Structure formats: structure tokens, C-alpha cells
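Worksheet for the structure shown next.
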Amino acid sequence: MPGITAPKKKTVRATTPSRPTSASRKPAPGSRTSQSSSGSRTGQSSSGSRTGQPSRTRQSLSSSRASESSKLEELFIDELKDIYWAEKQLVKTLPRLKKAATSDELRQAFDNHTTETQGHVQRLEQAFEMLGKKAQAKKCDAMQGITEEGQEVIEDTDKGTSTRDVGLIMAGQKAEHYEIATYGSLIQIAKTLGHNNVARLLQQTLEEEKKADQLLTQIAESTSNRQAAGEKEEE
Ligand SMILES: [Fe+2]
Ligand SMILES: [Fe+2]
Numbered sequence: 027m028p029g030i031t032a033p034k035k036k037t038v039r040a041t042t043p044s045r046p047t048s049a050s051r052k053p054a055p056g057s058r059t060s061q062s063s064s065g066s067r068t069g070q071s072s073s074g075s076r077t078g079q080p081s082r083t084r085q086s087l088s089s090s091r092a093s094e095s096s097k098l099e100e101l102f103i104d105e106l107k108d109i110y111w112a113e114k115q116l117v118k119t120l121p122r123l124k125k126a127a128t129s130d131e132l133r134q135a136f137d138n139h140t141t142e143t144q145g146h147v148q149r150l151e152q153a154f155e156m157l158g159k160k161a162q163a164k165k166c167d168a169m170q171g172i173t174e175e176g177q178e179v180i181e182d183t184d185k186g187t188s189t190r191d192v193g194l195i196m197a198g199q200k201a202e203h204y205e206i207a208t209y210g211s212l213i214q215i216a217k218t219l220g221h222n223n224v225a226r227l228l229q230q231t232l233e234e235e236k237k238a239d240q241l242l243t244q245i246a247e248s249t250s251n252r253q254a255a256g257e258k259e260e261e
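Quick note, our numbering runs 26 ahead of the 1-based positions in the sequence shown.
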């Protein structure tokens, strides 16, 4: 990247991803997991603003920042496509989990979350629209694997057992945790890019994912795990 070859004496400052203005954008290029912004990893993201370095350096950094933002924007859209695929996959998978579940409570939980998940798909479509992009799904290998594991649980456990419910809860929670991680990161990136309206939208979904996860924990702890513990293996 041009203009960043000036020797850096110091690499200073943790970034502040929630500040929306272009002047304060500090994405960490090449990092998909650095939302806590613990500090700059490369010379590209160092800044002279706190160290009194010459304005020439600041100008060149400013232009490099613009192109970094554009790359971050690309990554952001790409990740939205990933979770869009994942949510659509869950709209199909959750009813299968519900059908396979033994307890009414778990069936109800999967049923309610299917409805919520349909809303998540719609929110993502709204987010694409806000960003002026076409809603597009890109296969999410992780969610593909997680849903396949859910199918394996159904095949490997007996119908009408709490053991099956425990397996289904695990499969469901794996999906929720993937979503929670994804939305958490997406919200931080959206804020960094100044897409605060999109961040607010995704925050609503994140809250629902967390509640769904908590409900599954509660079902496991209050009944399913204990009942499953009393089920004997059949010969
Ligand atoms: Fe979701
Ligand atoms: Fe979910």
C-alpha cells in the first residue's frame, strides 16, 4: 500500500470501533476477530495523531485508511451473505428438530425460534437494502456442518427419549453460539463503518439468539439432562 513506508517509531493506540466517522475508522485489516481492537498490528494502522508525527504521515495514513475501510466493507457484506445463508438454512432445519424432539417444552422452543429465525432472515434483507446491496446468500460451511450434526443426533438416538432431546439441545445451542459470535462481530464492524442503523437491526437479532440459547440451557438443566440420565442403553 503506497504512502505507508515512512518508518514508524511507535505503534500506538487502541482503536475505537464504535466511532462512526471516517476519520476515526480504524479497522484491523486482515483480521476477522479483532473487534476488541486491542491495538494496531501493522504499520498501516498506526497513527501520528497522538504522537505528534508530521502531517505528511497523517495524510498518507488517511488515504490508506479509506481503502482499508472499503476492504472492511467488502468483508462485512461477505459475512452478511454468510449469515443470511445460515439463517435460511435454520428456517428449514429448526422444524426438523422440533419434529424430532420429545418434550413439549423443547418442541415449543424450536417452534418459537423458527418464527424468530424467519424474522432474522427478513432483518438481514432489510440490512442489505439499507446498504444498497442485493440480498444474497453465500454458503456457510459452518452452519451446514452444524445442521448435519443435528441430523446425526436424530439418526443416532431413539425417538421419544430425553437423550434425543439432550442431543437436539446441543445441536441447537451450537447453532445459536455460531449466530451469537457472528452477530456480535457484525454489529461491531457495522458501528466501525458508520452503519449504525444496520447495527441496531442486528442487535435485535442478537438479543433473540441469546434468549434462545438461554432457554435451551434452561430446558436442559431443568428436565432433559436429568431424565436422560435415567435412560438405559438398549442392547
Ligand atoms: Fe437467527
Ligand atoms: Fe438462532
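Don't be surprised by glycine CBs; every beta carbon is placed ideally from N, CA and C. Since the structure is predicted, the reported quantities are computational estimates derived from the model, not experimental observations.
Beta-carbon contacts of residue i that lie in its chain and below 8 Å, excluding the five residues immediately before and after
i: I172; result: A197, K200, A201 and Y204
i: R149; result: L227, L228, Q230 and T231
i: G78; result: For G78, the predicted structure reports a pLDDT of 40, less than 50, and the residue's modelled location is therefore unreliable. A value from the coordinates is still provided. Within the same chain, G78 has no close Cβ partners at all.
i: T183; result: T189, R190 and G193
i: G186; result: T128
Proximity winner among the options, relative to residue i (alpha-carbon distances)
i: R252; options: L242, I213, S188 and A216; result: S188
i: A135; options: E181, A254, A255 and E234; result: E234
i: K159; options: D104, A238 and K217; result: D104
C-beta contact flag for residue i and residue j at 7 Å
i: H146; j: E113; result: yes
i: K164; j: K236; result: no
i: R133; j: A127; result: yes
i: V192; j: S250; result: yes
i: F102; j: I195; result: no
i: G210; j: L123; result: no
i: Q115; j: M169; result: yes
i: A161; j: E151; result: yes
Residue i, enclosing alpha helix (DSSP H) - first and last residue
i: H146; result: D130 to M156
i: Q162; result: Premise fails: Q162 is in no alpha helix (DSSP H) and is neither H nor E.
i: E205; result: S188 to T218
i: G176; result: D167 to D182
i: E233; result: N222 to I245
i: A254; result: N251 to A255
Pairwise C-alpha distance: residue j and residue i
i: L157; j: Q229; result: 16 Å
i: I245; j: K97; result: 42 Å
i: Q144; j: L120; result: 11 Å
i: I213; j: K258; result: 45 Å
i: N222; j: T208; result: 17 Å
i: D130; j: W111; result: 29 Å
i: K118; j: D167; result: 16 Å
i: A255; j: A238; result: 24 Å
i: L242; j: D137; result: 12 Å
i: T263; j: E155; result: With the chain covering 27 to 261 only, the question about residue 263 has no answer from this structure.
i: E247; j: K217; result: 36 Å
i: E181; j: I206; result: 27 Å
Sequence-distant residues of its chain with Cβ nearer than 6 Å to residue i (five each side left out)
i: A153; result: V224 and L227
i: I109; result: T208
i: S81; result: With a pLDDT of 45 at S81, under the threshold of 50, the modelled position of this residue cannot be trusted, and the question is left open.
Check: residue i C-beta below 6 Å from any heavy atom of ligand 4
i: E233; result: Ligand 4 is absent from the structure shown, which contains only ligand 1 and ligand 2.
Cβ shell of residue i (< 7 Å), same chain only, five flanking positions each side left out
i: E99; result: L219
i: P46; result: Its pLDDT being 40, under 50, P46 is placed unreliably by the model, and the measurement read from it follows with that caveat. If we look at P46 and ignore the five residues flanking it on each side, its Cβ neighbours are K217, G220 and N222.
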